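Read through the structure below, which is laid out as structure tokens, and then see the notes.
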Amino acid sequence: MSSKHHITCVFEDGATSQFTSSSFETVYQAALRSGLTLETDCREGACGVCKAYLSDGDCDLGDFSDEALTEDEEEQGYVLSCQTRARSDLVLQFGYPMSLLNKEMVRIATRVAALEPVADNVVRLVLESDAEPLTFLPGQYVNLSVAGQVDGRSYSFANSPLRPGAMEFFVRLLDSGAMSDWLRDRATVGDEVHIEGPYGQFFLRAPRGGELLMVAGGTGLAPILSMLEKLRAVDAPPPVRVLYGANHPGELFGLERLRDYGDWVTVETAVVTGDEAWTGKVGFVTDLIAEQRLDDATLADAYLCGPPPMIDAARQALTGLGLSDSRIFAEKFLPSEK
Ligand SMILES: Cc1cc2nc3c(=O)[nH]c(=O)nc-3n(C[C@H](O)[C@H](O)[C@H](O)COP(=O)(O)OP(=O)(O)OC[C@H]3O[C@@H](n4cnc5c(N)ncnc54)[C@H](O)[C@@H]3O)c2cc1C
């Protein structure tokens, strides 16, 4: 027989939501039954979007990939709400405001307005639509589909929500992949692409008076550009350090755009393998973190985006610098599950 447990969800803005759950259903399903749609994407324990901190109670963690929830995170008390089943009353803390959940997820038809190479195996894709502009937070992503060819691949906005007319993405073309192959071999201006979203908890938080450290690997720069566009519009943007890495110099893109922001943005780059012309740092972008000297690490916020191993290494290096784990926001560019 299943007993009922009380689940309390506490959000970043202090708002709370309470509902009951049986031990047969996941926290996500129980929330849904009560009318609360928690942030999620894959619902299979693979993407990590539904991650929450369990501050009280006992639960069955369920099945999940160690990229969605690392061993360290599990030890610290994090759980995935799409997999977790309650064994007692639970208190879960979510790293986003409850107001985020009131945003409507939409599906709109768009068409390719521009498609151009910007670096080795990286293209800039611009989509436009006659539909109502999609509202999103800088840092969030959408799933793109092409009828009969590509099913739901995730890409982060590179433009700011303040420029909603044309939606911009930077896409890494894999040697072989449904979206990569379509963009490389078949896509042309005018083709229809469906967008579903926005999704994600990786978005720019209100600056707290300290510095912002943004660490990007490859096309992980895309959501960072969206955040910088948004920050540029405020009267006195906080100082931002962008640490940006790629496998080799030909993969770097957007450097001019980064320089154009002005003095409040400083940029440091690193490549894993240099070439004859490369005079910059050779190594992992995460090596740059330990070299940073921050005025007050307790006031600094960090935004990390790129491949999963980069995120895990960067998180460790940043906590070593004195940043609070709760002020490190990250998006792992995981492969699509479809
Ligand atoms: C929240 C989120 C936001 C993202 N935003 C972006 C973005 O802005 N720009 C961008 O370039 N990518 C982004 N990605 C990654 C992108 O969605 C995936 O790489 C996607 O699977 C690529 O689709 P595809 O059809 O080309 O390849 P698929 O058909 O999905 O995959 C082909 C093969 O490549 C492997 N593979 C796929 N992706 C990766 C990867 N990232 N690393 C290593 N192996 C992989 C697959 O396992 C498979 O074997 C994001 C991912 C997430 C989860």
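Numbered according to this note's numbering, the sequence shown spans residues 325 to 662. Beta carbons are placed, not taken as given, at the ideal position from N, Cα and C, and that holds for glycine. As the structure is a computational prediction, the values presented were derived from the model and not from experiment.
- In the three-state reduction of the DSSP assignment, residue 465 falls in the strand class.
- Annotated as proximal: residue 381 and residue 410, with beta-carbon spacing under 8 Å.
- As the crow flies, the alpha-carbon of residue 520 is around 20 Å from that of residue 352.
- Inclusion of residue 631 in the 7 Å shell around ligand 1 follows from its C-beta lying nearer than that to a non-hydrogen atom of the ligand.
- Any heavy atom of ligand 1 counts here; residues with a Cβ closer than 5 Å to one of them, in chain order, are 465, 477, 478, 479, 480, 495, 496, 498, 501, 502, 503, 504, 543, 546, 657, 658, 659 and 660.
- Per DSSP, residue 644 is one residue of the alpha helix (DSSP H) stretching across 632 to 645.
- In the structure shown, residue 427 adopts coil according to DSSP, grouped into three states.
- Residue environment: residue 441 is assigned as exposed (fewer than 16 neighbouring CB atoms within 10 Å of its CB, all protein chains considered).
- Around the Cβ of residue 339, a 10 Å sphere holds fewer than 16 other Cβ atoms; the residue is exposed.
- The C-alpha of residue 511 is placed about 45 Å away from the C-alpha of residue 617.
- Judged by DSSP secondary structure, residue 581 falls within the alpha helix (DSSP H) whose first and last residues are 579 to 584.
- Setting aside the 5 residues that flank it on each side, residue 536 is surrounded in the same chain by 562, 564 and 625, each with a C-beta closer than 6 Å to its C-beta; the list follows chain order.
- Residue state for residue 627 is assigned as strand, using DSSP reduced to three classes.
- A residue is called buried when at least 16 other Cβ atoms come within 10 angstroms of its Cβ; residue 632 meets this threshold and is buried.
- Taking the CA atoms as reference points, residue 605 sits about 9 Å from residue 592.
- For residue 451, DSSP records a beta bridge to 436 and 491.
- Residue 502 is not a Cβ neighbour of residue 525, given a cutoff of 8 Å.
- In this structure residue 372 is not in contact with residue 387, their Cβ atoms being roughly 13 Å apart against a cut-off of 8 Å.
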